[in-house]
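First up is the structure itself, then whatever we jot down about it.
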Amino acid sequence: MNRLIIASLRASAGKTSFAVGVAEALGKKIGYMKPFGDRLLYSKKRLWDYDAALMTHLYGIKENPDDMSIGFDHSKLRYMYDTAAIEYRLHELAERMGSGRDLLIIEAGKAITYGASIQLDALNLARVLQGKLVLVISGDDDTILDDIIFVKKYVTMAGVTVAGVVVSKVRSRDDFTATYLPELQQSGLPVLGVLPYESELTYFTMRFLADRLFAKVLTGEAQLDRTVKNIFIGAMSGNVAVQKPLFKKEDKLIITGGDRSDMILAALNHNAAGIILTNNILPPSNIIAKVEQAGTPMLLVAPDTYQVARQIDRLEPLLSREDKEKIGLLKRDVQENIDLGKLA
Amino acid sequence: MSSIRYLFEPRSVAIVGASKDPKKIGYKVLSNLIASGYRGAVYPINPAGGEILGITAYPSIAAVPEPIDVVCTTIPAQAVFESVKACADRGVRYNLIISSGFSEIGNTEEEEKIAAYARSKGMRIVGPNIFGVYSAEASMDATFGPGNILPGSVAIITQSGALGLAMIGKTTVENIGLSAIVSVGNKCDVDEADLLEYLTTQERTRVILMYIEGIKNGPRFITAMKEATRLKPVVVIKSGRSERGAVAAASHTGSLAGSDEIVDAILKQCGVLRADSIKDAFNWCKYLAHSPPPTTEQAVIITNGGGIGVMATDACEKYHVELYDDGKVLKKLFGPVTPSFGSTKNPIDITGGAAGAEYDAALSVALNHKAIGSSIALYCETATFLAADLERVLENTYRNYMAHGKPILFAIMGGEDIEHAIVRLSRKNVPVFGDVYEAVSCLGTLYRYYRYLKNRDETLETVAFDSAPVEAICRAAIAQNRFFLLAHEAQQVMAHAGIPVPRSEVAHSITEAVEKADAIGYPVVMKVVSRDIIHKSDAGGVALNLENRDEVLDAYQAIMQNCKAYNPDAVIEGVEVAEMLVKDVETIIGARRDATFGPIIMFGLGGIYVEVMKDVAFRALPLSRREIIEMIKETRSYPLLLGVRGEAQKDLEAVIMNIIKLGTLISHCPLISDIEINPLMVYEQGQGAKAVDVRILLSHNERSSS
Chain A
263 MNRLIIASLR ASAGKTSFAV GVAEALGKKI GYMKPFGDRL LYSKKRLWDY DAALMTHLYG
323 IKENPDDMSI GFDHSKLRYM YDTAAIEYRL HELAERMGSG RDLLIIEAGK AITYGASIQL
383 DALNLARVLQ GKLVLVISGD DDTILDDIIF VKKYVTMAGV TVAGVVVSKV RSRDDFTATY
443 LPELQQSGLP VLGVLPYESE LTYFTMRFLA DRLFAKVLTG EAQLDRTVKN IFIGAMSGNV
503 AVQKPLFKKE DKLIITGGDR SDMILAALNH NAAGIILTNN ILPPSNIIAK VEQAGTPMLL
563 VAPDTYQVAR QIDRLEPLLS REDKEKIGLL KRDVQENIDL GKLA
Chain B
5 MSSIRYLFEP RSVAIVGASK DPKKIGYKVL SNLIASGYRG AVYPINPAGG EILGITAYPS
65 IAAVPEPIDV VCTTIPAQAV FESVKACADR GVRYNLIISS GFSEIGNTEE EEKIAAYARS
125 KGMRIVGPNI FGVYSAEASM DATFGPGNIL PGSVAIITQS GALGLAMIGK TTVENIGLSA
185 IVSVGNKCDV DEADLLEYLT TQERTRVILM YIEGIKNGPR FITAMKEATR LKPVVVIKSG
245 RSERGAVAAA SHTGSLAGSD EIVDAILKQC GVLRADSIKD AFNWCKYLAH SPPPTTEQAV
305 IITNGGGIGV MATDACEKYH VELYDDGKVL KKLFGPVTPS FGSTKNPIDI TGGAAGAEYD
365 AALSVALNHK AIGSSIALYC ETATFLAADL ERVLENTYRN YMAHGKPILF AIMGGEDIEH
425 AIVRLSRKNV PVFGDVYEAV SCLGTLYRYY RYLKNRDETL ETVAFDSAPV EAICRAAIAQ
485 NRFFLLAHEA QQVMAHAGIP VPRSEVAHSI TEAVEKADAI GYPVVMKVVS RDIIHKSDAG
545 GVALNLENRD EVLDAYQAIM QNCKAYNPDA VIEGVEVAEM LVKDVETIIG ARRDATFGPI
605 IMFGLGGIYV EVMKDVAFRA LPLSRREIIE MIKETRSYPL LLGVRGEAQK DLEAVIMNII
665 KLGTLISHCP LISDIEINPL MVYEQGQGAK AVDVRILLSH NERSSS
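If you read the sequences in order, they're chains A and B. If you number the first sequence the way my numbering does, the last residue is 606 and the count never jumps. If you number the second sequence the way my numbering does, the last residue is 710 and the count never jumps.
Quick look at the structure:
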């Protein structure tokens, strides 16, 4: 059974997207684990990683996502394990998750150094579990170049089998390949391929927003899977808002106060994908009834508009099992751009 | 003679700006004063001297040889200060500044200058920007109103000049006699509380009507109102919204306490009868001024038509007028005066054939029965009972009821003759209305006031409390530039106030969290402690019902990660580990320092949907036990405390005691601006209540003094 450790230098580089793309492209029976979870979900006293739950659903993995991570917080792992115990748990987990599978994907923590103090950093995972390390690197062209050269020059890879580097989210793939790829290949780190930036992967659904913002769903529960492509802050009157080009775009989310009935009605008239009401202000019941009738998801949150906008800005757009198109796109990107032979 | 009496019963009045020109306000005030038959000395003041309206005019205030109690100032704004100065130096007691052009147009500085000078010399100012004062006691119409004010027993205090003038005209049309009318205008000195001091004890005034836009000194207003309603009914029309009340606050109590909700609650607490329209207010005042109090809670309806009877029954429900419903007694009483095809169930239907004799008989039965506290007589026009006879019967019945001290009112409907009858009877102060709801609303108001007086309780509830340790906790937080208390600090405050809280401790590491949970005993709850995260549940910073170590470990990780994701800049001080309480009725009690009214308290249905349900009631502190109970009863969720669906009654006494303790706490700690306990979990009778979550905000204006 092959073990693949997918890691990145920085957070949100595209590890999970790459893992899904690889799993889809190889079409093998896969297992998954994420020893140091970071996309934590906590409900009804159960704790699991979002990515673990996603992979479980996508690939029919029978194990419980709760069991695919050893922990989520340094303090807990430090409290419960020493070096030997962590290594024991890693082996035990890899055995269990990889049993009967062609490929075990092991996703490392959010950045390459994450978890080093508790032996759960990417390089230690690769050493302990004897898997092939794939480094997913993204950013602007210069950052990508700097990161790869830095790793090659300063990061000791003793005891680690490096499969190579995947350059991800590249805005202009052809230019990058022509300009930088030859230099990267000379660095000595094998480049497995260059993946293009796909704007579709950055969109949220209203359900995702409702979960992440701990929002109360006031209306449109059945339509929570609507995609949000644009965000409009309704800080002006409804009359002015409707004249703004962004307001006329499709699949927009409107963020406004619950006392802004004019803005809520304008959002309804312009087919908003959803509405978020801030400051915990509930609109009049006739307005709620209208939104419900239109089936538009309307969420209520406690923070003010600025805080909510900041929170959404910080959110990572995560894949969900319903995102068939996105998953198809990832499969195609990996098939077309990655040297899969070096991973198998 | 108390000082305020000089305003209503002055021995002399001077008009600064008195004029021979009938278009001038100075002319109109003087002419009204003369026409109203004022018996004191009148001094027109005009630099030209001579005579105005046959009275010797003086060139200046200083030139008047006798003492002056009241001056009416009717000169342009720019000349007012010098005139006020001269009056104050001359020892004038009251200056009615009719002139406008002061704070109402932003000229606050000039107004403050005038008020300060007058204050330094002991002269009181009414206004500026008023239409004057009318006092029936002194036969004094010192206004520039339409004149011919009908003397009577209703006193009007109004903040709006134009509306006040219109009211004068309207009272004449409606035959409402006035004991006094005063406009308070910009209220730079004399306010409603001063005027109430006189009107409350003045025998002539039986009802006080106030039109209020804004209240300047809330606590003084409350004291004056409570004193006034103790002796006579006060009807208030309150309009306008205060800016201060609209300021969003970080607590639920703050955001739920819109200015109008507060005013409404406080008016109710003071026993004030709040009217939404001038029509209602006039109807109520006229009725209250002439009606005796009800003798019992229960009323009877006598009607000649089923439909109007049903409408009256609906109206009674709406206006909380209880109907007498002992069927056996009703049958015995009204059987002999009701046709066999009528009904002796209240409403008593004496049928369409009823004429004067039948009405007289039925209403006499109601008058003479002790259990019936008031009567409502309804009439739909029929051919058997003509308007002329009706008028006579109604008037006689009314006089008879008044002679026996029992309230009655009439609602009659029909054609032109009936309309004319309504007008003629109204002029004789017979309470007759062309609409059932209007009639019943008057009776409902009478009952509301009657109940208020019956239940009034002046014993204010407070508990012994040492504020020093609480002040120390607050000052320590303010020293850290923090204007709210952290959870453990808030719990310490609760402990000092004697409000029970679940056992809890703050853990600063995962190891401590496990140790503290072990020590407290399972199940426990965990909550983030951070100055940067106020709404803990919204940040994913709360975990409930943790039953063992493993669950505590998972919850600790979840809280830390969620809170870091919610606000990466948040400083997380630790995690509070607390005893998990058994769930029961979740209530909310809150207290805050209102900019106008001072400390106020809130009670209602608690939990996470408090702002959605908005089932809360407010009162101003200090409170009597009766007022606390009334506040609790006012909420829709009150039945939950009594026990619903077979549940046992909850510990109402514990709720009352916690409200008293919270009230004492905020009253004694000026550093605290808001306290909110949500939920206050209320258990079965005898088992108390516990403050599950407590939020305390500190006053920003204490920063410099700390």
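Ideal Cβ positions, reconstructed from N, Cα and C, are used throughout, including at glycine.
Short CB-CB distance (under 8 Å) between A:Ala564 and chain B: Yes, its Cβ sits closer than 8 Å to a Cβ of chain B.
CB-CB length for B:Glu465 against B:Leu645, believed under 8 Å: Going by Cβ atoms, the distance from B:Glu465 to B:Leu645 rounds to 18 Å, so no, they are not a contact pair.
Reference B:Leu154, options B:Glu178, B:Gln163, B:Gly131, B:Gly136, closest by Cα: It is B:Glu178.
Secondary structure of B:Glu141, DSSP reduced to three states: In this structure, DSSP gives B:Glu141 a state outside helix and strand, which the three-state scheme calls coil.
Any chain A beta carbon closer than 8 Å to B:His539: Closer than 8 Å to some Cβ of chain A, the Cβ of B:His539 qualifies, so yes.
Span of the alpha helix (DSSP H), counted from its first residue to its last, around B:Leu222: Residue 222 of chain B is actually Gly in this sequence, not Leu. Note, B:Gly222: alpha helix (DSSP H), 222-235.
The segment 567-585 of chain A touching the segment 430-450 of chain A, judged by at least three CB pairs closer than 8 Å: In this structure the segment 567-585 of chain A does not lie against the segment 430-450 of chain A, because fewer than three pairs of beta carbons, one per stretch, are closer than 8 Å.
Below-8 Å beta-carbon distance, B:Asp522 vs any chain A residue: Among the CB atoms of chain A, none fall inside 8 Å of the CB of B:Asp522.
Through-space distance from B:Met530 to B:Glu680, alpha-carbon basis: Whole-angstrom Cα-Cα distance: 19 Å.
Cα-Cα separation between B:Thr463 and B:Ile632, rounded to whole angstroms: Using only the alpha carbons, I get a separation of about 12 Å.
Proximity of B:Ile49 and B:Ala39 at Cβ, strictly below 8 Å: Inclusion of B:Ile49 and B:Ala39 in the CB contact set at 8 Å is not warranted, their separation being larger than that value.
Expected contact under 8 Å - CB spacing of B:Gly611 and B:Glu580 to nearest Å: Contact doesn't hold; Cβ gap of about 19 Å is too wide.
Residue of A:Arg340, A:Gly322, A:Val284, A:Ser279 minimising C-alpha distance to A:Phe298: For A:Phe298, the nearest C-alpha among the options comes from A:Arg340.
Under 8 Å between C-beta atoms of B:Ile537 and B:Cys567: The answer is yes: Cβ separation under 8 Å.
Inter-residue spacing [alpha-carbon to alpha-carbon] between B:Ala197 and B:Tyr98: Distance from the CA atom of B:Ala197 to the CA atom of B:Tyr98, rounded to whole angstroms, is 16 Å.
Rounded separation between B:Arg245 and B:Leu457 - CA only: For B:Arg245, the predicted structure reports a pLDDT of 46, less than 50, and the residue's modelled location is therefore unreliable. A value from the coordinates is still provided. Cα to Cα, B:Arg245 sits roughly 29 Å from B:Leu457.
Boundaries (first-last residue) of the beta strand (DSSP E) holding B:Ala303: First-last of the beta strand (DSSP E) with B:Ala303: 302-307.
Cross-chain neighbours of A:Gly334 in chain B, by beta carbon under 7 Å: One point to set straight first is that residue 334 of chain A is Phe, not Gly, in the sequence displayed. Against chain B, a Cβ distance below 7 Å from A:Phe334 picks out Gln561, Gln565.
Cutoff 8 Å: A:Leu454 Cβ touching any chain B Cβ: Between A:Leu454 and chain B, the shortest Cβ-Cβ separation is not below 8 Å.
Interface flag, A:Tyr376 vs chain B, CB-CB below 8 Å: With 8 Å as the cut-off, A:Tyr376 does not count as an interface residue toward chain B.
Coarse secondary structure for B:Pro340, derived from DSSP in three states: If DSSP states are grouped into helix, strand and coil, B:Pro340 belongs with the helices.
Cβ contact (3+ pairs, closer than 8 Å) linking the segment 453-467 of chain A and the segment 517-525 of chain A: In short, these stretches do not touch, since the Cβ pair count stays below three.
Minimum length 3: unbroken beta strand (DSSP E) runs contained in the segment 522-607 of chain B: 528-534, 546-550, 576-583, 589-598, all fully within the segment 522-607 of chain B.
Identified DSSP bridge partners for B:Ser103: DSSP, once it has assigned bridges, lists no residue as partnering B:Ser103.
Sufficient close CB pairs (3 or more, under 8 Å) joining the segment 655-663 of chain B to the segment 441-460 of chain B: Here the segment 655-663 of chain B makes no contact with the segment 441-460 of chain B; the two share fewer than three CB pairs at distances below 8 Å.
First and last residue of the uninterrupted beta strand (DSSP E) at A:Phe494: Taken as a continuous stretch (DSSP letters only), the beta strand (DSSP E) holding A:Phe494 covers 492-495.
B:Val240 beta carbon less than 8 Å from that of B:Ile270: With a cutoff of 8 Å on beta-carbon distance, B:Ile270 and B:Val240 are scored as not near each other.
Top-ranked residue by Cα proximity to B:Ser64, from B:Asp73, B:Gly53, B:Pro71, B:Leu57: That would be B:Gly53, whose Cα lies nearest to the Cα of B:Ser64.
Assigned secondary structure, A:Pro444 (DSSP; H/G/I helix, E/B strand, else coil): Three-state result, A:Pro444: helix.
contact_flag[the segment 400-410 of chain A, the segment 298-312 of chain A] where n(CB pairs < 8 Å) is 3 or more: No, the segment 400-410 of chain A does not touch the segment 298-312 of chain A.
Contact belief for B:Asp619 with B:Met685 at Cβ below 8 Å, rounded distance in angstroms: Contact between B:Asp619 and B:Met685 is absent: CB atoms are separated by about 17 Å, not below the 8 Å threshold.
Neighbourhood of A:Gly450 by C-beta distance below 7 Å, restricted to the same chain and skipping five residues each side: Lys414.
Pairwise C-alpha distance: B:Leu11 and B:Ile109: For B:Ile109 and B:Leu11, the gap between their C-alpha atoms comes out near 27 Å.
Spatially closest choice to A:Asn501 from A:Ala529, A:Leu515, A:Phe476, by CA coordinates: Sorting A:Ala529, A:Leu515, A:Phe476 by C-alpha distance to the C-alpha of A:Asn501 places A:Ala529 at the top.
Counted within 10 angstroms of its Cβ, other Cβ atoms place A:Leu214 as buried (16 or more) or exposed: Since the displayed chain A opens at 263 and closes at 606, residue 214 of chain A lies outside it and no answer follows.
Chain A contact residues for B:Lys550, given Cβ-Cβ distances below 9 Å: Correcting the residue identity first, residue 550 of chain B is Leu in this sequence and not Lys. Identification of chain A residues near B:Leu550 by a Cβ-Cβ cut-off of 9 Å yields Lys307, ordered along the chain.
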